[in-house]
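In what follows, a structure is listed as structure tokens, so that the remarks can point back to it.
Number of protein chains: 2
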Amino acid sequence: MEAALRAIAEPHRRQILRLVWDAELSAGEIASHFDVTRPAVSQHLNVLKEVGLVSERRNGTRRLYRANPQGLAELKAFLDAFWGERLELLKQEAEREERKTREHDD
Amino acid sequence: MEAALRAIAEPHRRQILRLVWDAELSAGEIASHFDVTRPAVSQHLNVLKEVGLVSERRNGTRRLYRANPQGLAELKAFLDAFWGERLELLKQEAEREERKTREHDD
DNA sequence: AACTTACGTAAGGATCTGCTTACATATCGT
DNA sequence: ACGATATGTAAGCAGATCCTTACGTAAGTT
Chain A
1 MEAALRAIAE
11 PHRRQILRLV
21 WDAELSAGEI
31 ASHFDVTRPA
41 VSQHLNVLKE
51 VGLVSERRNG
61 TRRLYRANPQ
71 GLAELKAFLD
81 AFWGERLELL
91 KQEAEREERK
101 TREHDD
Chain B
1001 MEAALRAIAE
1011 PHRRQILRLV
1021 WDAELSAGEI
1031 ASHFDVTRPA
1041 VSQHLNVLKE
1051 VGLVSERRNG
1061 TRRLYRANPQ
1071 GLAELKAFLD
1081 AFWGERLELL
1091 KQEAEREERK
1101 TREHDD
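Chains as they are written, first to last, in the working numbering: chain A, 1 to 106; chain B, 1001 to 1106.
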């Protein structure tokens, strides 16, 4: 869980997650969206797989990746628990910002 | 925001945040909760301050820290946006796990 | 079998991170 | 002014991280 949080702290990995969020993509297709080399993306995919945020399926010479909803749900639950008790206060704060943002509408 | 996410990926910093979550504590009081040295904690406090997750107030020779609700709210909003579209699916997955966990009750 | 395609893995380098020890600074009490 | 207390800052180190280039491997193609 700890590890999953560290995993999504990396921008490229968050972007990868969004790519395979609702589409199953091959390693190559994923890599084509980035400016870093294909091996770099492969390593990111490995990290994401090891922390349970994506799953891999082999099809012929390809490896198809997709987000793993269970892993994502667990991570989200961990973070929700972290906000946890203070959630009320955070909500109030969010509303306060909201109002501040909308001040220009007056 | 990016930086704030990286900040909470570190366990000690998450623990610090929980400590100053609803109490204003001095650097020394915070450090006393950890096995790492006081300077290490001081550096963590600096990181948290720079990314806007805690605020610092000086009182005499002391520096008092507390969580910054606005920074926390912004980070939470960022993460909520990240789950975003898939939120529905994540909820379903969470419920599925819930059921699985409770299977032993039968 | 030989070639191509799609990929992972190995090795190494630059930079970042979290920590330590030593030192600097600022405020308070006397 | 002086010593004690509370704290940050500097320097440096070991290990992690993210990247690159080179190489290995496995499945399809001819």
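Even for Gly, the Cβ is constructed at its ideal location relative to N, Cα and C.
Based on the DSSP output, what are the partners of residue i in its beta bridges?
i               : result
R1062 (chain B) : B:N1059
S1026 (chain B) : B:L1064
V1054 (chain B) : B:A1067
Residue i and residue j look like a contact to me (Cβ under 8 angstroms); what is the Cβ gap, rounded to whole Å?
i               : j               : result
W21 (chain A)   : R1086 (chain B) : 6 angstroms
A1027 (chain B) : L1045 (chain B) : 6 angstroms
A1004 (chain B) : V1051 (chain B) : 4 angstroms
R13 (chain A)   : L48 (chain A)   : 6 angstroms
L25 (chain A)   : L17 (chain A)   : In fact, because the Cβ distance is near 11 angstroms, the residues do not count as touching under 8 angstroms.
L1089 (chain B) : L79 (chain A)   : With 8 angstroms as the limit, L1089 (chain B) and L79 (chain A) do not qualify as a contact, their Cβ atoms being about 17 angstroms apart.
E1002 (chain B) : P11 (chain A)   : 7 angstroms
Within 10 Å of its beta-carbon, does residue i have 16 or more other beta-carbons around it, so buried, or fewer, so exposed?
i               : result
V1054 (chain B) : buried
E1040 (chain B) : Going by the sequence as given, residue 1040 (chain B) is Ala instead of Glu. That one is exposed.
G1071 (chain B) : buried
N68 (chain A)   : buried
A31 (chain A)   : buried
K100 (chain A)  : exposed
R1038 (chain B) : exposed
A23 (chain A)   : exposed
A7 (chain A)    : buried
Just to check, is the beta-carbon of residue i closer than 8 angstroms to a non-hydrogen atom of the ligand ATP?
i               : result
V1047 (chain B) : This structure simply doesn't include the ligand ATP, nor any ligand for that matter.
- Selection of the segment 1015-1044 of chain B by Cβ proximity to chain A, strictly under 9 angstroms: Of all residues in the segment 1015-1044 of chain B, the ones placed with a Cβ closer than 9 angstroms to any Cβ belonging to chain A are L1017, R1018, W1021, D1022, in chain order.
- Message: Please list, in chain order, the residues of the segment 1069-1086 of chain B that have any C-beta partner in chain A closer than 8 angstroms.
- Response: So the list reads P1069, Q1070, L1072, A1073, E1074, K1076, A1077, L1079, F1082, W1083, E1085, R1086, given in the order they occur along the chain.
- Item | Contact residues within the segment 1043-1069 of chain B, judged by C-beta distance below 7 angstroms to chain A | If the cut-off is 7 angstroms between Cβ atoms, the segment 1043-1069 of chain B has P1069 near chain A.
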